[in-house]
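Working notes, beginning with the structure itself.
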Amino acid sequence: MSGRKHKGRVFNQRGRLLLVGSVLGLCAVSLVARAAYVQLVNNAFYQRQGEARFLREVPIPTSRGMITDRNGEPVAVSTPVASIWVNPKELLLHPERIGELAQALTLSHEELTQRLAQKADKEFMYVRRRINPDQAQRVLDLKIPGVFSQREFRRYYPQGEALAHVLGFTNIDDQGQEGLELAFDEWLSGKPGAKKVIRDRKGAIVESIDLVRAAEPGRDLTLSIDRRIQFLAMRELRNAVTQNKAAGGSVVVMDVATGEVLAMANLPTYNPNAVGSASPDARRNRAVTDLVEPGSTMKPLTVAAALQAGVVTPETVFDTNPGYMAVGRYTIRDVPRNNGVLTTTGVITRSSNIGSAKIAALMPDRVFYDSVRQFGYGQLPGSGFPGESAGVVPVPGTPNWYGSTKTTMSYGYGLNVTPLQMAQAFATLGNGGQLVSPTFIRGQSADERTVRQVVDREVANQVVQMMQTVVTNGGAKQAGILGYHVAGKTGTARKAGPGGYVRGRYNSLFAGLVPASNPRFATVIVINDPQGSSYYGGLVAAPVFHHVMEGALRLMDVPPDNIDAWLAAQADGKLGHSASVLPAAPDPALVPDAGAELDAVLPQALPEGAIP
1 MSGRKHKGRV
11 FNQRGRLLLV
21 GSVLGLCAVS
31 LVARAAYVQL
41 VNNAFYQRQG
51 EARFLREVPI
61 PTSRGMITDR
71 NGEPVAVSTP
81 VASIWVNPKE
91 LLLHPERIGE
101 LAQALTLSHE
111 ELTQRLAQKA
121 DKEFMYVRRR
131 INPDQAQRVL
141 DLKIPGVFSQ
151 REFRRYYPQG
161 EALAHVLGFT
171 NIDDQGQEGL
181 ELAFDEWLSG
191 KPGAKKVIRD
201 RKGAIVESID
211 LVRAAEPGRD
221 LTLSIDRRIQ
231 FLAMRELRNA
241 VTQNKAAGGS
251 VVVMDVATGE
261 VLAMANLPTY
271 NPNAVGSASP
281 DARRNRAVTD
291 LVEPGSTMKP
301 LTVAAALQAG
311 VVTPETVFDT
321 NPGYMAVGRY
331 TIRDVPRNNG
341 VLTTTGVITR
351 SSNIGSAKIA
361 ALMPDRVFYD
371 SVRQFGYGQL
381 PGSGFPGESA
391 GVVPVPGTPN
401 WYGSTKTTMS
411 YGYGLNVTPL
421 QMAQAFATLG
431 NGGQLVSPTF
441 IRGQSADERT
451 VRQVVDREVA
461 NQVVQMMQTV
471 VTNGGAKQAG
481 ILGYHVAGKT
491 GTARKAGPGG
501 YVRGRYNSLF
511 AGLVPASNPR
521 FATVIVINDP
531 QGSSYYGGLV
541 AAPVFHHVME
551 GALRLMDVPP
561 DNIDAWLAAQ
571 ADGKLGHSAS
581 VLPAAPDPAL
591 VPDAGAELDA
601 VLPQALPEGA
611 IP
C-alpha cells in the first residue's frame, strides 16, 4: 500500500518527498542560474555597483610653478599644506565629537554644527583649508569619525610687499587672481593627476588600485625683475613718500635695449601673504593702470617730433619774451621768470612752456599727434600685464581736440599716460629711437613683441644730449650720479579734480637715462600729491632717481662714462661714502615752477598791452 490512512485521510509520503525534492531542486537550479547570470552574463553591472560603493577616483594635487627673478632667486614658491574635510553624514552620527573637532581647529562649536546640519545629506565638506601639515596630523590623531585630511599647496612670497603689485597673488584654490600670477596662470598651474583607490565604509583609503593620470607640475617662470634693484626702488620710494608727506608714488626701471622691466614699485602696497587685510586700492598696480598728465617730461618728445619732422635743429632760436604768450583765451607763462631767447636745447634746459608751444606750432596737428602715438602714448604697452592702460591722447578733428590742445600737449597737459608708458618712451630715446615694448619675462623673444623705429638714431641722440643739460645746468641737479652722465627731465603737473585743476595738489615727476653716452637704464618716478616743503619734480622725484640708479649701476657693473668727474672727485678726496651724497639742491630760480604748467591751461586775463 503506497500510503496510509491518517484520521480518515490518505497520507502519501512518497509524493510529498518528491514535491519537496522538486522544489529544492528548482531553488538550487535558480540559484545556480542566478549566480551564473551575475558572474558571467551581467558581471560588469554589478562590478560597477560594487566599485561605486568602495572604489573612488581621487585627485593627485600638483604644485604651482616657481617664479624667480632674473638671477634665479625665488620670489613666489608653493609650499605643501593640508586641508581638513569631513563626511557630514558620518560625523553627525557622533555629535559628541563635534566640539572636540571645533576646539582642535579653533572654530566655533555652534558655527561648525550649523554648517554640518546644512550639509547633512552630503558626504564632503571642507572644515579648514591650507593649514600646517603637523596641525592636520594632530587633528587626525584624534580619530574622530568622518574626519579626513587632503594634501594641497599654498603660495608664499618671500619678498612680501616689495613685489606685491608685480606678482599679484593666488586664491585659496591656488589660482592666479592678479598680477603675473593671473597673466601666466595656465603656464604656472600644471595639471592635477588622478588615481583609483578603495575606501572602507568610514572613507579611509585602504588600497591604491591604479594610476589614472600622472600629475604634471606647473612650469617655472623667470622674470626680468632684479629683486635687488626692486628692493632699492621700494626703499627709496618709501623714503620719498614719507619725507614729502605724499599720498603715494610709483617707480619703473627698464632695460633700454631689451625693454625688460627690472623693477616696478608702488605705494601704497600690501602683503601678498595676507591679502585678506588689503584694500582694493592698495592692490592696484598704479605704474601700469593709473593715468597721470606727464607735465614737462613731455617736452623731450615734442622736441624729438620736431627734429624728426625737420622743422627745427638743436640750435634753432625761439624768442620767449616777455615770458607769457596768448593762445586763444589761455595765457601760457614761463615761471619763475622770463627766459628770453632760447635755442631748442635751451627750451629743454629751462623747461620753457612757451618754447615748447612754439616748437609744436611748427608741426601740423596730425604730424604731432602721430609722433606722440609712435612713442607709445595712447596705445597699450603690450607688456601682457593684466589691466594695463592705453592712456588717453586726443585725436585731431574730434570733439576732444580743441584749438589749444596741441599747445598744451606739447608741455604735458591734455593727455594722460601711465608711468610704464613714460618709461617706454624714454627708453625709446635711449635706444637710438627704436621702441621695444616692455616685458616682465627675461629673455622674451623680440618676435613676440612690438619693435619699431620711432625717430632716427641721430634725432634720439640729440634729444638725449639736450636732456643732459637739465641735470648739469637745469632743475634736476639732484639726479646727478658721480662718474656718470645722466640725461633726464623733470615734471611738476597740477592734479585734476572733478571741477578742474586743484590748487596745491601736484604730481612730481622725473624721467631719466643713465649712462647718457650709452643708456642702459630708463627710470621714471612719480610722487603723488607731496605735501612737504616742496613739490617740484627736481627736488622730490629726482633724488629717488639718484639713489636707485646709483645702486643699480653698481649692482649691474655698469662702467662709468664720466671718468673726468670721477678723477676730479678722487683728487678732491670726495670718493668713498661721500660719493653717495646728493648734489647740492639747485638754485630755486632754475627750477621750473609747477605754476608754469598750471597757468598754461587756466583762462587768465592778459596783462595790459599784451598782444592776443
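Take 1 as the starting number for the sequence shown in UniProt numbering and just add one per residue. Built from N, CA and C at the ideal position, the CB exists for glycine as well. In this text, all values refer to a predicted model and were calculated from it rather than measured experimentally.
Is DSSP giving V463 helix, strand or coil here?
It is helical.
Cutting at 6 angstroms between CB atoms, please list the residues of its own chain near M264, excluding the five before and the five after it.
Correct list, in chain order: V166, V252, A287.
Closest to F545 by C-alpha separation, out of S250, G176, Q135, G72, would be which residue?
For F545, the closest C-alpha among the options S250, G176, Q135, G72 is that of S250.
Helix, strand or coil at Q135 according to DSSP, with G and I counted as helix
Q135 falls in the helix class under three-state DSSP.
Thinking just about the alpha-carbon of each residue, which of N171, A214, T170, Y330 is nearest to the one in K191?
Closest by alpha carbon: A214.
So is Q103 buried or exposed if we call it buried at 16+ other beta carbons inside 10 Å?
Exposed.
From T523, A460, I84, V455, pick the residue whose C-alpha is nearest to that of A541; which is it?
Minimum Cα-Cα distance from A541 among the listed residues T523, A460, I84, V455 corresponds to T523.
Mark P588 as exposed unless 16 or more other C-beta atoms lie within 10 angstroms of its C-beta, in which case mark it buried.
Caution applies to P588, whose pLDDT of 48 falls short of 50 and renders its modelled position unreliable; the model cannot decide the point.
Can you tell me whether F124 is buried or exposed, with buried defined as 16 or more other CB within 10 angstroms of its CB?
So F124 ends up on the exposed side.
Taking only the alpha-carbon atoms, compute the straight-line gap between V311 and L362 and give it to the nearest angstrom.
The straight-line gap from Cα to Cα measures roughly 6 angstroms.
For D255, count neighbouring C-beta atoms within 10 Å of its own C-beta (all shown protein chains included) and say buried if the count is 16 or more, exposed if not.
Buried, because 16 or more other Cβ atoms sit within 10 Å of the Cβ of D255.
State the beta-bridge partners of N440 as determined by DSSP.
The sequence shown places Phe at residue 440, not Asn. Partner(s): none; F440 has no beta bridge.
A360 to N71, Cα distance in whole Å?
If I take the Cα positions, the gap works out to 44 angstroms.
Taking only three categories from DSSP, how would you classify M264?
Three-state result, M264: strand.
Own chain, CB closer than 7 angstroms to residue 617, minus 5 neighbours either side, in chain order:
Because the chain spans 1 through 612 in this model, residue 617 falls outside it and cannot be assessed.
Following the continuous alpha helix (DSSP H) through G99, name the residue where it begins and the one where it ends.
Per DSSP, G99 is one residue of the alpha helix (DSSP H) stretching across 98-104.
Close-in-space but distant-in-sequence residues of the same chain around G259 (CB under 8 angstroms, 5 per side omitted):
Q424, A427, V436, S437, P438, T439, R449.
Pick helix, strand or coil for E90, following the three-state DSSP scheme.
It is helical.
Kindly indicate which three-state DSSP category V20 falls into: helix, strand or coil?
DSSP places V20 in the helix class (H, G or I) of the three-state scheme.
Segment limits, beta strand (DSSP E) that includes T302
First-last for T302: 299-309, but that is the alpha helix (DSSP H), not the beta strand (DSSP E).
At the level of alpha carbons, what is the spacing between I563 and F184?
If I take the Cα positions, the gap works out to 44 angstroms.
Y330 versus D529 - alpha carbon distance
Distance between the alpha carbons of Y330 and D529: 25 angstroms.
Spatial neighbours of T222 within its chain, please: C-beta separation below 6 angstroms, excluding the five flanking residues on both sides.
Answer for T222: T68, R442, listed in chain order.
Give the DSSP-derived three-state secondary structure of S254 in the structure shown.
It is Met, not Ser, that sits at residue 254 in the sequence shown. When DSSP states are grouped into helix, strand and coil, M254 belongs to the strand group.
Please report how far the alpha carbon of L590 lies from the alpha carbon of V367, in whole angstroms.
Low per-residue confidence applies at L590: pLDDT is 48, beneath 50, and the placement is therefore not dependable enough to give any value.
Measure the alpha-carbon distance for G378 versus G500 and round it to whole angstroms.
Each residue's CA atom was taken as its position, placing G378 and G500 some 22 angstroms apart.
Give me the Cα-Cα distance between L444 and D220, rounded to the nearest whole angstrom.
Correcting the residue type first, residue 444 is Gln in the shown sequence and not Leu. Their Cα atoms are separated by approximately 14 angstroms.
If we count Cβ pairs, one from each stretch, closer than 8 angstroms, do we get three or more for the segment 467-484 versus the segment 509-527?
Yes, the segment 467-484 touches the segment 509-527.
So, for K89: in the same chain, excluding its five sequence neighbours on each side, which residues have a beta-carbon less than 8 angstroms away from its beta-carbon?
Hits under 8 angstroms: A120, D121, K122, E123, G146.
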